[in-house]
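Visitor:
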Amino acid sequence: MAKLLYSATMSLDGYIAGPDGDMSWMTPYLGPDPLVDDLVSEVGTVLAGNRTFRGDDPYRDTPAEGQAFGGAWSGPQVVLTHHRPSVPWPGVTFAGDLPTAVALAKEAAGEKYVNVLGADVARQCLAAGVLDEILVCIAPVLLGAGTRLYDQEEGTPVKLERIRSAEVPHSSDLWFRVLR
Numbered sequence: 028m029a030k031l032l033y034s035a036t037m038s039l040d041g042y043i044a045g046p047d048g049d050m051s052w053m054t055p056y057l058g059p060d061p062l063v064d065d066l067v068s069e070v071g072t073v074l075a076g077n078r079t080f081r082g083d084d085p086y087r088d089t090p091a092e093g094q095a096f097g098g099a100w101s102g103p104q105v106v107l108t109h110h111r112p113s114v115p116w117p118g119v120t121f122a123g124d125l126p127t128a129v130a131l132a133k134e135a136a137g138e139k140y141v142n143v144l145g146a147d148v149a150r151q152c153l154a155a156g157v158l159d160e161i162l163v164c165i166a167p168v169l170l171g172a173g174t175r176l177y178d179q180e181e182g183t184p185v186k187l188e189r190i191r192s193a194e195v196p197h198s199s200d201l202w203f204r205v206l207r
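Under our numbering, think of the first position of the sequence shown as 28, with each following residue one higher.
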């Protein structure tokens, strides 16, 4: 059965997007990363929030713009949104609630990962007890503001167990299992 994995590149001070969803800060830190490169073949589907799906792109103005993992991955996507577009998007299913989105994404992923993209969707998955793993690629930069990797008003700790880690010239990768 598919596992849900939240993956993101994060600044050292905890931001996955800059102010107003700016992702251009990430561009210098994208590049070969054996851990991420291996993950790409294990992703069966992407589950993203509407802001992530329609948001800024670190690959803007390149041939890989608009493609997950810079074009290294293609496949079905599920977008969690209350604002479904009037025109269908090829390969994209829109779901109005988390349980439906997760079920559709798991079905599409088969035995592979559902790659969760977007801080809000990841937070909702954690709260619902359906997120299995978290992969964070920490870029050597301080942003000072933006969208945090994880933000929860109640501040309830989420216990994690490190599965693996890796160092590459442009980031430090940390992979965790969510403990329940």
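For each residue, glycine too, the CB sits at the ideal point set by N, CA and C.
Small disclaimer: the values here were computed from a predicted structure and weren't measured.
Do V143 and A149 have their beta-carbon atoms positioned less than 8 Å apart in this structure?
Guide: For A149 and V143, yes; Cβs fall inside 8 Å.
Visitor: Taking G45 and G173 to be in contact with their CB atoms under 8 Å, please state how far apart those CB atoms are, rounded to whole angstroms.
Guide: So it is a contact: roughly 4 Å between Cβ atoms.
Visitor: Please determine, among L32, G171, P196 and N77, the residue with the shortest C-alpha to C-alpha distance to H109.
Guide: Here the closest residue by C-alpha is N77.
Visitor: Let's test the definition: count the other Cβ atoms within 10 Å of the Cβ of M28 and tell me whether it reaches 16, buried, or not, exposed.
Guide: Looking at its Cβ environment, which holds fewer than 16 other Cβ atoms inside 10 Å, M28 is exposed.
Visitor: Of all the options S113, G118, P112 and L153, which has the alpha carbon lying nearest to the alpha carbon of P126?
Guide: With distances taken between Cα atoms, P126 lies closest to L153.
Visitor: DSSP state of R175, grouped into three classes?
Guide: It is a strand residue.
Visitor: Pop quiz: D124 and L162 are said to be a contact at Cβ under 8 Å. What is the actual Cβ separation, rounded to whole angstroms?
Guide: With 8 Å as the limit, D124 and L162 do not qualify as a contact, their Cβ atoms being about 25 Å apart.
Visitor: Round the Cβ separation of S38 and V168 to the nearest angstrom and send it over; I've been treating them as touching at under 8 Å.
Guide: Contact holds; Cβ gap of about 5 Å.
Visitor: Could you spell out the range, first to last residue, of the alpha helix (DSSP H) harbouring E134?
Guide: Its alpha helix (DSSP H) spans residues L125 to A136.
Visitor: What does DSSP give as the partner residues of W202 in its beta bridges?
Guide: In DSSP, W202 forms a bridge with L162 and R191.
Visitor: Looking at the secondary structure, which residues open and close the alpha helix (DSSP H) in which A146 lies?
Guide: Looking at the DSSP string, the run of the alpha helix (DSSP H) that includes A146 is A146 to A155.
Visitor: Looking at the unbroken alpha helix (DSSP H) that takes in T79, where does it start and where does it end?
Guide: From DSSP, the alpha helix (DSSP H) with T79 extends over N77 to R81.
Visitor: Can you look up G71 in the DSSP assignment and give me helix, strand or coil?
Guide: Strand at G71.
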